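Note that my numbering has the sequence shown beginning at 12, numbered continuously upward.
From the three backbone atoms N, C-alpha and C, an ideal C-beta is built for every residue, glycine too.
Because the structure is a prediction, the values reported are computed rather than measured.
What follows is a single structure, written as structure tokens, with notes after it.
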Amino acid sequence: MNRLIPQNRYHWEGATGLAAATLLSAEHTPQGALVPDTAQDCDQVAVVYNKGDTPPKITVEETDGPVQTVRANGIAVAIVARAFGPAISPDDVLLVERCV
12 MNRLIPQNRY
22 HWEGATGLAA
32 ATLLSAEHTP
42 QGALVPDTAQ
52 DCDQVAVVYN
62 KGDTPPKITV
72 EETDGPVQTV
82 RANGIAVAIV
92 ARAFGPAISP
102 DDVLLVERCV
């Protein structure tokens, strides 16, 4: 799903879960991160994959009640617990191409 997203909506400097820059070159699998979103009252789940790789297939499975596991190519990259609101879907996950 391609959609136009305002450039200043996400605060990448506040993203959590990303490896240190020195480890990125050795990282060959998709990686999950939480990114603060100024347009909503929640963080966004992002999956970062290497430049040139095919974007990973994102799936979301309900693990236990309000807890969901986000997978990229079958690999768990995030576990999300929601207090209220609808469950997340694969379309809610941001895909980010990592350039190292």
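Worksheet item: From this set, Asn61, Thr40, Thr65 and Ser100, which residue's C-alpha is nearest Gln79's C-alpha?
Response: Indexing the sequence shown from 1 puts residue 79 at position 68. Residue Ser100 is the option with its Cα nearest to Gln79.
Fill in: Contacting residues, own chain, Cβ-Cβ under 7 Å from Arg109 (five flanking each side not counted)
The count along the sequence shown starts at 1 and reaches residue 109 at position 98. The beta carbon of Arg109 sits closer than 7 Å to those of Leu35, Val59, Tyr60, Asn61 and Lys62, all from its chain and outside the five residues before and after it, given in chain order.
Item to complete: Sort Glu72, Glu73, Ala89 and Ala98 by Cα distance to Ala44 and report the nearest one.
Response: By 1-based counting over the sequence shown, the position of residue 44 is 33. Looking at the Cα atoms, Ala89 is the closest of the given residues.
Practice prompt. From the DSSP output, in three-state form, read off Asp52 for me.
Written response: Indexing the sequence shown from 1 puts residue 52 at position 41. Residue state, collapsed to three classes: coil.
Worksheet entry | Asp64, DSSP secondary structure in three states | Position 53 of the sequence shown, counted from the start, is the residue given in the question as residue 64. Asp64 sits in coil when the DSSP states are folded into three classes, being neither helix nor strand.
Worksheet item: So, is Ala83 buried or exposed, given that buried needs 16 or more other C-beta atoms within 10 angstroms?
Response: Counting from 1 along the sequence shown, the entry for residue 83 is found at position 72. Under this definition Ala83 is a buried residue.
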